[in-house]
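Visitor: Residue numbers (the numbering used here): 930 to 1168.
We put the beta carbon where it would ideally sit given N, CA and C, even for glycine.
Below: one structure in structure tokens.
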């Protein structure tokens, strides 16, 4: 069984058996350098994935109902969030954009076959065109400037998203881990040292001394890259 078959079998098993309390099964999936960097120190985006691991990324997209990125990723990378180079359907594109900064020119606002859903706290949001559905999420976090992830995930579940792939960026990845919402991880590690910004920020907040382990842990090579995947287990003591 090749790595694509291994991960597809594992993911189907995990999603079908998950008990996620009216929210999607959430997979974190991103690429980083060997030292954990996802961008340079100046914030410049880098493509860490080789050809084989990029095909795996597009396969993973096709295996999820939805795919989510933060506004920072939209502004810096302008992703399409479609499935390319792999036979499969496009997932529902979703942007976490509390203050509605997504430009109408963004590729995600011109998706080939789906409306992009933008999750925001702005009730007075203006239209970004017929290819965009702006969703005001109730129950904003305490500062009333950030979307409540719990409420957002319930909303997505109600709209039929039972499995969600979260691709980044670092702020979003860290937020899902701190909220203990992510269920699984598929990580591409490229054989490079960058010394840039890391994907996972400070987890020592929110009332927990958090540690997150991957158990059981699986790994395999995809060309020159290392692919690591497994279930996320949350440890730590409430403070």
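Let's test the definition: count the other Cβ atoms within 10 Å of the Cβ of residue 1032 and tell me whether it reaches 16, buried, or not, exposed.
Guide: As a position in the chain shown, residue 1032 is number 103, starting the count at 1. Exposed.
Visitor: Beta strand (DSSP E) containing residue 954: first to last residue?
Guide: In the chain shown, the residue the question calls residue 954 occupies position 25. Residue 954 -> beta strand (DSSP E) spans 954-962.
Visitor: Given a cut-off of 8 Å, decide if residue 1064 and residue 1084 are closer than it, judged by their beta-carbon atoms.
Guide: For the purposes of this step, residue 1084 is taken as residue 155 along the chain shown, with counting starting at 1. For the purposes of this step, residue 1064 is taken as residue 135 along the chain shown, with counting starting at 1. Going by C-beta atoms, residue 1084 is nearer than 8 Å to residue 1064.
Visitor: Using the Cα positions of residue 1120 and residue 964, report the straight-line distance between them to the nearest angstrom.
Guide: The count along the chain shown starts at 1 and reaches residue 1120 at position 191. The count along the chain shown starts at 1 and reaches residue 964 at position 35. Distance from the CA of residue 1120 to the CA of residue 964, rounded to the nearest whole angstrom, comes to 9 Å.
Visitor: In terms of DSSP beta bridges, what is residue 1049 paired with?
Guide: For this step, residue 1049 is matched to residue 120 along the chain shown. For residue 1049, which the question treats as bridged, DSSP gives the partners 1065.
Visitor: What would DSSP say about residue 969, mapped onto helix, strand or coil?
Guide: Position 40 of the chain shown, counting from 1, holds the residue named residue 969. The answer is coil: DSSP assigns residue 969 none of H, G, I, E or B.
Visitor: Can you give the Cα-Cα distance for residue 1164 and residue 993, rounded to whole angstroms?
Guide: Here residue 1164 refers to the residue found at position 235 of the chain shown. Here residue 993 refers to the residue found at position 64 of the chain shown. Computed Cα separation, rounded: 26 Å.
Visitor: Taking all protein chains shown into account, decide if residue 1112 is buried (16 or more other Cβ within 10 angstroms of its Cβ) or exposed.
Guide: Counted from its first residue, the chain shown places residue 1112 at position 183. With 16 or more Cβ atoms within 10 Å of its Cβ, residue 1112 is classed as buried.
Visitor: Helix, strand or coil: how does DSSP classify residue 949 here?
Guide: Looking up residue 949 in the chain shown gives position 20. Residue state, collapsed to three classes: coil.
Visitor: Indicate whether residue 1141 and residue 1161 have their beta-carbon atoms separated by less than 8 Å.
Guide: Taking the first residue of the chain shown as 1, we reach residue 1141 at position 212. Taking the first residue of the chain shown as 1, we reach residue 1161 at position 232. Contact: yes.
Visitor: Which complete beta strand (DSSP E) runs does the region 978-1041 hold, if anything under 3 residues is left out?
Guide: 995-999 and 1021-1025
Visitor: Mark residue 1022 as exposed unless 16 or more other C-beta atoms lie within 10 angstroms of its C-beta, in which case mark it buried.
Guide: Along the chain shown, read from residue 1 onward, the residue named residue 1022 stands at position 93. That one is buried.
Visitor: Quick one: residues in its chain with C-beta nearer than 6 Å to the C-beta of residue 1009, no 5 flanking neighbours on either side, listed in chain order?
Guide: Your numbering for residue 1009 matches position 80 in the chain shown. Cβ neighbours of residue 1009 beyond the five flanking positions: 1036.
Visitor: Mind checking which residues open and close the beta strand (DSSP E) that includes residue 1094?
Guide: Start at 1 with the first residue of the chain shown, and residue 1094 comes out as number 165. Residue 1094 -> beta strand (DSSP E) spans 1092-1097.
Visitor: Any idea if residue 1020 is buried or exposed, counting beta-carbon neighbours within 10 angstroms, 16 or more meaning buried?
Guide: Looking up residue 1020 in the chain shown gives position 91. When all chains shown are included, residue 1020 counts as buried.
Visitor: Do residue 1129 and residue 1103 come within 8 Å of each other at the CB atom, strictly closer than that value?
Guide: Start at 1 with the first residue of the chain shown, and residue 1103 comes out as number 174. Start at 1 with the first residue of the chain shown, and residue 1129 comes out as number 200. Taking 8 Å as the Cβ cut-off, residue 1103 and residue 1129 qualify as a contacting pair.
Visitor: Starting from residue 1119, trace the beta strand (DSSP E) both ways and give me its first and last residue.
Guide: Start at 1 with the first residue of the chain shown, and residue 1119 comes out as number 190. 1113-1119 is the extent of the beta strand (DSSP E) around residue 1119.
Visitor: When you compare the region 1147-1155 with the region 970-987, are there three or more beta-carbon pairs, one atom per stretch, that lie closer than 8 Å?
Guide: Short answer: they touch.
Visitor: Quick one: what does DSSP say residue 1077 is sitting in, helix, strand or coil?
Guide: Position 148 of the chain shown, counting from 1, holds the residue named residue 1077. Three-state DSSP puts residue 1077 in coil, outside helix and strand.
Visitor: Taking just the CA atoms, how far does residue 985 sit from residue 936?
Guide: Position 7 of the chain shown, counted from the first residue, corresponds to residue 936. Position 56 of the chain shown, counted from the first residue, corresponds to residue 985. Going by the C-alpha atoms only, they are around 9 Å apart.
Visitor: Is it right to say residue 952 is buried, meaning 16 or more other beta carbons lie within 10 angstroms of its own, or is it exposed?
Guide: Here residue 952 corresponds to residue number 23 of the chain shown, with the count starting at 1. Burial call: buried.
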